[in-house]
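Line by line, the protein sequences give chains E and C. If you read the first sequence in this note's numbering, its first letter stands for residue 430, the second for the next number, and so on. If you read the second sequence in this note's numbering, its first letter stands for residue 430, the second for the next number, and so on. One structure below.
2 protein chains.
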Amino acid sequence: MAAAMEVVDTNGAGAFSMRALGGFLDCDPTAMYRHFATKNALLDALVDSVIRDGVADLPETDDPRADIRANFRQLRRSLLAHPTLAPLVLRRPPGVGAYWERSDHAVAQLHRAGMDPADAANVYQTLLFYTLGHTLSEARQLARAVEKEGAGARGGPVAQVRPPAELHPDLSDVAPHLREDNESQFLAGLDLILRDLPR
Amino acid sequence: MAAAMEVVDTNGAGAFSMRALGGFLDCDPTAMYRHFATKNALLDALVDSVIRDGVADLPETDDPRADIRANFRQLRRSLLAHPTLAPLVLRRPPGVGAYWERSDHAVAQLHRAGMDPADAANVYQTLLFYTLGHTLSEARQLARAVEKEGAGARGGPVAQVRPPAELHPDLSDVAPHLREDNESQFLAGLDLILRDLPR
DNA sequence: ACCTGAACACCGTTCAAGT
DNA sequence: ACCTGAACACCGTTCAAGT
Chain E
430 MAAAMEVVDT NGAGAFSMRA LGGFLDCDPT AMYRHFATKN ALLDALVDSV
480 IRDGVADLPE TDDPRADIRA NFRQLRRSLL AHPTLAPLVL RRPPGVGAYW
530 ERSDHAVAQL HRAGMDPADA ANVYQTLLFY TLGHTLSEAR QLARAVEKEG
580 AGARGGPVAQ VRPPAELHPD LSDVAPHLRE DNESQFLAGL DLILRDLPR
Chain C
430 MAAAMEVVDT NGAGAFSMRA LGGFLDCDPT AMYRHFATKN ALLDALVDSV
480 IRDGVADLPE TDDPRADIRA NFRQLRRSLL AHPTLAPLVL RRPPGVGAYW
530 ERSDHAVAQL HRAGMDPADA ANVYQTLLFY TLGHTLSEAR QLARAVEKEG
580 AGARGGPVAQ VRPPAELHPD LSDVAPHLRE DNESQFLAGL DLILRDLPR
């Protein structure tokens, strides 16, 4: 339901309620129970639409590695488009229907690159979990801005990671590199996992 | 607060409320507001204790790769010990104090293995996000059992991933490998990321 | 000065009452 | 047969009233 997504995006998933949606649609809060058995079922449907978003446009070029990168990059983009909803993807098992086309695309590219089924399973699952972990951690940042002052305040200053150097010498050597660019950090992680994909 | 953790573990984080904790402790629900400003602050404290759990006992042997593996394996174990609380780790930024000792240990081992700071930052963040994504996805499974019938029903049959073969040929080749062993799948992903760590 | 608990403004969901 | 909305059993949090 597009209206529900709009309420989530403008006020945050935390502020979403049947009463809020009813107010947005000028109808009784209990009217939604004819279309969805429960509030959770409605949220699951929203999450599934995010998981499916853009999967039909994934490329299949002659470079399987690039196609795989595009897949997970696009998943990250879709999740970050709805930052307060993003954590709810963990409610959906990786085997749920919404993931099928997306995972089929990724596994097909791994196969096309000459990887055997067992390795492909490992690499696919590693890529998926890495992407979810990285992206949900980014989404939390964006979500805080939305939940605080409504949608629109995106792209504020990024919180710096700055531990006390005397307590954690090795970590503070590395801290300047940690948050300098979320997108390139994400892609670097993907490449790390894909490093020796056969070609 | 150990009592709050007990309430969360027995009935699930979803059923945790100030009133439930008050009932467990035989006191007024508003009494907690002297120790924690808000319910969220209390949950954050619980999450931080899970992140810190066991970090003092992490090994420092002559094998940095094994020590890194032990670090993230132990994080996974701590998160899975409180499956309904686990998703709330996403409320805490990776730069929060609770992560310092743990990330310092990991970065120190990467450094000891001869990795330069920029690479160490990439690999550390990749390992952390991969671990969070993988473990939170596992935790969801355990959490469902707890929230349904109270703690104790752990280790029930694992949901199989079984997509319709005609629709997703590449994926269904791989499906039998996907969920066969969570722990070894997790470790395989770690090794994939650590594959060419200098030694 | 400290503590308690009544009260406020919510919430998801049900189901009796209306049409 | 269908729809509505009053009502139930909650919730986090505040703050006036007690000690």
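For glycine and all other residues, C-beta sits at the position ideal for the given N, C-alpha and C. All of these numbers come straight from a predicted model, not from anything done at the bench.
Whole-angstrom C-beta distance between residue j and residue i, which should lie under 8 Å
i, j, result
"Q538/E", "D491/E", "Rounded, the Cβ-Cβ distance is 11 Å, inconsistent with contact."
"Y559/E", "G618/E", "6 Å"
"N551/E", "Q614/C", "7 Å"
Closest by C-alpha distance to residue i, when choosing among the options
i, options, result
"E576/E", "H511/E, L487/E, L471/E, D486/E", "H511/E"
"A535/E", "C456/E, L517/E, T555/E", "T555/E"
"N469/E", "R481/E, D455/E, R494/E, G443/E", "G443/E"
"W529/E", "M430/E, A574/E, A542/E, R481/E", "R481/E"
"N611/E", "L626/E, R506/E, D533/E, M544/E", "R506/E"
"R531/C", "L557/C, T439/C, L565/C, N551/C", "L557/C"
"F501/E", "R573/E, M430/E, R521/E, L616/E", "L616/E"
"M430/C", "D545/C, N440/C, D477/C, G441/C", "D477/C"
"D625/C", "V436/C, H563/C, M544/C", "M544/C"
"A572/C", "H464/E, C456/E, L561/E, R521/E", "R521/E"
"L471/C", "D620/C, N440/C, F445/C, S566/C", "F445/C"
"Y553/E", "G524/E, R463/E, V436/E", "G524/E"
"A542/C", "D599/E, R498/E, D438/E, T459/E", "D599/E"
"A485/E", "A527/E, G441/E, F465/E", "A527/E"
"D457/C", "F465/C, R448/C, H464/C", "R448/C"
"D533/C", "S566/C, L565/C, E489/C", "E489/C"
Contact check, residue i vs residue j, beta carbons under 8 Å
i, j, result
"L450/C", "M461/C", "yes"
"A568/E", "P493/E", "no"
"Q503/C", "L487/C", "yes"
"L514/C", "V479/C", "yes"
"F453/C", "A474/C", "no"
"H540/E", "A549/E", "yes"
"I622/C", "L561/E", "no"
N-terminal and C-terminal residue of the alpha helix (DSSP H) that residue i is part of
i, result
"D660/C", "Here chain C comprises residues numbered 430 to 628, so residue 660/C is not present and cannot be evaluated."
"A432/C", "431 to 440"
"S613/C", "611 to 622"
"P493/C", "493 to 509"
"G451/E", "447 to 454"
"E489/C", "Premise fails: E489/C is in no alpha helix (DSSP H) and is neither H nor E."
"H534/E", "529 to 541"
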